[in-house]
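Worksheet for the structure shown next.
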Amino acid sequence: MNTVFTNAKAGMAGVDKEHVQKVVYEMSKNSPHFKNEQRKQKQTDERIAKMKQRAHGISQTDLAGLTRSMDAKVAHLETTRDLSRTWLTVDMDAFFAACEELDNPALKTQPMAVGGIGMISTANYVARKYGVRSAMPGFIARELCPQLVFAKPNFSKYTAASRASRVIFADYDAEFSAGSLDEAHLDVTDYCNQHGLSGADVAETIRRRMREEVKLTCSVGVGPNRLLSKVAADMNKPDGQYVVAADLPGIKRFVAALPIRKVPGIGKVAEQTLAAFGVTACQGLLDHKGLLAGLYSPISMDFFLASGLGLGQTQHSEPVADGEVGRKGISCERTFGPISKTGELEAKACELAEKLAEEMADEGLKGKTLTLKLKETTFELRTRAHTSSQFISSVADIRNVALRLLRAEMPIAIRLMGLRMSSFQEIRTLPGQRSLSAFIQPAAAGSATAGTEQPLKQQGAAQDFSIAFQHAVDALPDESEDEEPEDANGAPEPHQSSYSMADDLQAQSGRSEDKWREAPLPQQSDLAAPRIAELPSTDLQQSCTGSVGFGQFAAQKRKRPSGAVTGHKRTGIEAYLRPAA
DNA sequence: ATACATACC
DNA sequence: TACTGGTATGTAT
Ligand SMILES: Nc1ncnc2c1ncn2[C@H]1C[C@H](O)[C@@H](COP(=O)(O)OP(=O)(O)OP(=O)(O)O)O1
Ligand SMILES: [Mg+2]
Ligand SMILES: [Mg+2]
Ligand SMILES: [Mg+2]
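The numbers in our numbering rise by one with no breaks, and the one at position 139 of the first sequence is 1570.
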């Protein structure tokens, strides 16, 4: 049932997947974590059942209408296609592990993972042969590979290597966008034209320079847009490159048989829900567009169709405007041995408040919304938020709000607590004050971007609006297309030395392996990772549940707001017209 | 504005 | 024995 560790990732060719599945199962069953995974899987199964039911209720007439609507959407998307750009996605091979091998070459021939018995962030390709992977707990990895060597993470190495790699990227695209420490997206069109080179030529050059100057290998994907270059970058890992021809036949050839899971944004859940309707390769997203339109939101459909057509971002995002904070949130969370005593819980909240305040101070951030995250010992998640009337940043203010949110949840037994601040005050840039562009990084995480990559969503209920209606509404002209009113210039901030949540209320009537943390480095990207989601469903609530991740740094950033995608012209959306209701 | 789910590195 | 931490987005309420 758990397909997480055997899917869609480089280095898994030739791995005995059945064996890996069995070991993971044997090591996990009976654990609270496993129970939680089962609970989540049940949710997915129920979701699929509801979608099947909905699909069953779609008449031939409905289907015909939905299909026509999607035909129009496809036709429009097709008009946005721009094959004139050349994009490169560069992604380091087994990045953290490779950095560790740099300082300890003996590790190169041994199976090695970066992390500990609790969690692994990545493994070298020798270890991957045994099924060892990112996000796999170390004790399971050791069961799969008893000789596995564990290396402790050392973020300063990774940031140094990343910085060095970015110096290279800047030579080919001064505005490249960083997808993470180990990945970047480059529009090398101008460079190619100026030097009479192909994308493949530049890819070869970058790979050579990376070997020589950074002493690490990377893989490069080349294509007419960022979606294609990104997917292509994984095709010949490690130390390889792959070119998606910049013509319609070449793109169709590449995309048609591509497993949907390879598309960034389609993960474990979307893969399952789509598979339930026979969609396992990207061509299926186009073949079943009518039916899918009856099951997924307009936003998801835009994303699916763009993916099926091989359309992606063709231009970089707008840089972050002056004074704007380049991020949406900042958070700190820690896992520890189970605790439930009031004193211990409050002590954790205080520590996190201090940590968060410190990180915010490093960037001069002040925010209004504080979200407390609690992971129960059962692995179920709870988040509770409060928005203050004033921007806050001090330890005292953060602690006050955090404690109040926490106290409302007790009693509770948890294994993790986290604090996240969002809704930031814009930073007033003082004359002569240069922001931290220290970390070679151009194009700050902007917002609007031309191109097509879109997101997905989740689940919902809204039975009042038929899906057909939603898709029809989505087809209306986009009114907010020509202006960017959002100026948010500012009213001077009211001052108040100390914030108290009580005032607001009145006014309104372990054990953590914290080895994987890193200094808050400037970072950004515009990686537009979709989040799938089915549509409506007459459904009720969801439970909670976990996410994944490792102690990484900042990475993704901005996403585009809404609407359809577009090559880069982004004219309004034509009216597709409603299908039969 | 709040809560939850999904996704990516 | 043991299952991360950080960031983003989409939807419903
Ligand atoms: N789930 C995770 N949790 C924490 N850190 C992660 C996680 N996944 C990846 N990382 C870190 C470690 C990786 O070396 C680094 C880059 O990720 P990624 O490019 O996906 O894999 P990789 O570089 O290790 O191997 P590959 O050769 O497949 O690219 O980010
Ligand atoms: Mg990588
Ligand atoms: Mg990567
Ligand atoms: Mg994917």
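Quick reminder that beta carbons are idealized off the backbone N, C-alpha and C, glycines included. Model, not experiment: these values are computed from the prediction.
Item	Value
Delimiting residues of the alpha helix (DSSP H) encompassing glutamine 1672	Careful: glutamine 1672 lies outside any alpha helix (DSSP H), inside the beta strand (DSSP E) at 1672-1674.
Proximity test, proline 1669 beta-carbon vs ligand 1 heavy atom, cut-off 7 Å	yes
CA-to-CA distance, glycine 1725 to threonine 1492, given in whole angstroms	12 Å
Under 7 Å, CB to nearest heavy atom of ligand 2: contacting residues	Asp1522, Met1523, Asp1524, Ala1525, Phe1526, Asp1613 and Glu1614
heavy atom of ligand 1 below 7 Å from lysine 1440 C-beta	yes
Straight-line Cα distance separating arginine 1830 from isoleucine 1770	19 Å
Whole-angstrom C-beta distance between arginine 1564 and lysine 1440, which should lie under 8 Å	6 Å
Residues near valine 1451 in its chain [Cβ-Cβ closer than 7 Å; skip 5 each side]	Phe1436, Thr1437, Gly1562 and Leu1575
Same chain, Cβ closer than 7 Å to alanine 1634, neighbours up to 5 away in sequence not counted	Leu1519, Val1651, Val1653 and Gln1672
7 Å Cβ shell around glutamate 1644 - same chain, five flanking residues per side excluded	Ala1595 and Ile1599
Spatial distance of glutamate 1606 from histidine 1747 (CA atoms)	8 Å
Ranges of the beta strand (DSSP E) found wholly within the region 1578-1627, counting only runs of at least 3	1580-1582, 1608-1611 and 1614-1618
Lysine 1804 (DSSP reduced to helix, strand or coil)	strand
Contained beta strand (DSSP E) runs [length at least 3] in the region 1789-1855, N- to C-terminal order	1798-1807, 1812-1823 and 1845-1855
CB of tyrosine 1603 within 8 Å of CB of leucine 1617, strictly	yes
Simplified DSSP state of aspartate 1632, which is helix, strand or coil	helix
Ligand 4 heavy atom lying under 7 Å from the CB of proline 1655	no
Alpha carbon of alanine 1528 to alpha carbon of threonine 1553, nearest angstrom	7 Å
C-alpha distance - methionine 1443 paired with aspartate 1665, whole-angstrom precision	12 Å
Inter-residue Cα distance where the pair is histidine 1487 and leucine 1494	11 Å
Ranges of the alpha helix (DSSP H) found wholly within the region 1545-1575, counting only runs of at least 4	1556-1559 and 1569-1575
Which of helix, strand or coil DSSP assigns to glycine 1652	strand
Three-state secondary structure (DSSP) of glutamate 1755	coil
Where aspartate 1678 sits in the DSSP three-state scheme	coil
Three-state class that DSSP yields for cysteine 1530 in the structure shown	helix
Touching by the beta-carbon criterion (3+ pairs, under 8 Å), the region 1764-1784 and the region 1809-1816	no
Closer than 7 Å: threonine 1802 CB and nearest ligand 1 heavy atom	no
Of the residues Lys1804, Glu1777, Ile1761 and Pro1577, the one placed nearest aspartate 1414, counting alpha carbons only	Nothing in the structure corresponds to residue 1414, since the chain is present only between 1432 and 2012.
When Pro1568, Gln1714, Lys1539 and Asp1534 are compared against glycine 1546, the one with the closest alpha-carbon	Pro1568
Proximity of lysine 1799 and serine 1854 at Cβ, strictly below 8 Å	yes
Rounded separation between cysteine 1763 and leucine 1850 - CA only	5 Å
Residue interval of the alpha helix (DSSP H) (run including valine 1451)	1448-1459
Limits of the beta strand (DSSP E) - the one that valine 1521 falls within	1518-1523
Straight-line gap, glutamate 1807 to isoleucine 1843 (C-alpha atoms, nearest Å)	7 Å
Chain-order list of residues whose beta-carbon lies under 6 Å from that of serine 1824 (same chain, five-residue window excluded)	Met1791 and Lys1797
Reference threonine 1587, options Lys1693, Asp1534, Gly1795 and Asn1461, closest by Cα	The question names threonine, but residue 1587 is serine in the sequence shown. Taking only the C-alpha atoms, the option nearest serine 1587 is Asp1534.
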